[in-house]
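Peer 1:
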Amino acid sequence: MQPIVACPACKRKIPYSTSNPARPFCSMRCKSLDLGAWASEAYKISGSPLEAPGSDHPGEDTRPTDRAIRVPRD
Ligand SMILES: [Zn+2]
Numbered sequence: 020m021q022p023i024v025a026c027p028a029c030k031r032k033i034p035y036s037t038s039n040p041a042r043p044f045c046s047m048r049c050k051s052l053d054l055g056a057w058a059s060e061a062y063k064i065s066g067s068p069l070e071a072p073g074s075d076h077p078g079e080d081t082r083p084t085d086r087a088i089r090v091p092r093d
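Positions in the sequence shown are counted from 1; adding 19 to them yields the numbering used here.
#1: Within the continuous beta strand (DSSP E) that includes LYS30, where are the two ends?
#2: Sorted by chain position, which residues of the same chain lie with C-beta nearer than 7 Å to CYS45's C-beta, five sequence neighbours on each side aside?
#3: Compute the Euclidean distance between the alpha carbons of ASP53 and PRO40, then round it to the nearest angstrom.
#4: When you get a sec, list the residues whose CB is within less than 6 Å of any heavy atom of ligand 1, chain order please.
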């Protein structure tokens with residue numbers, strides 16, 4: 020009994036077979052498509068590593084602002 024996995028590229032449900040050279044993709048075509056997408060994404064990320072907004076932690080935004088206000092007083 021083979022486990023069923025979803026192809027990461029086209030989401031098609033396929034049996035995870037060791038005889039499939041493109042696993043976990045359904046076909047070599049989907050595998051090459053996904054690798055191409057990852058390559059282009061990697062280019063974007065490496066091109067601008069410092070442009071990621073810190074919106075994941077909105078609470079931390081108050082600390083640097085508070086510190087910036089106090090520094091000129093001293
Ligand atoms: Zn596929």
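For each residue, glycine too, the CB sits at the ideal point set by N, CA and C.
Peer 2: Concretely, from the data shown:
#1: Residue mapping note: residue 30 aligns to position 11 of the sequence shown, counting from 1. Where LYS30 is concerned, there is no enclosing beta strand (DSSP E), given that its DSSP letter is neither H nor E.
#2: Mapped onto the sequence shown, residue 45 falls at position 26. Hits under 7 Å: CYS26, CYS29, ARG31 and ILE33.
#3: Counted from its first residue, the sequence shown places residue 53 at position 34. Counted from its first residue, the sequence shown places residue 40 at position 21. When rounded, the distance between both Cα atoms is 15 Å.
#4: CYS26, ALA28, CYS29, ARG31, PHE44, CYS45, SER46 and CYS49
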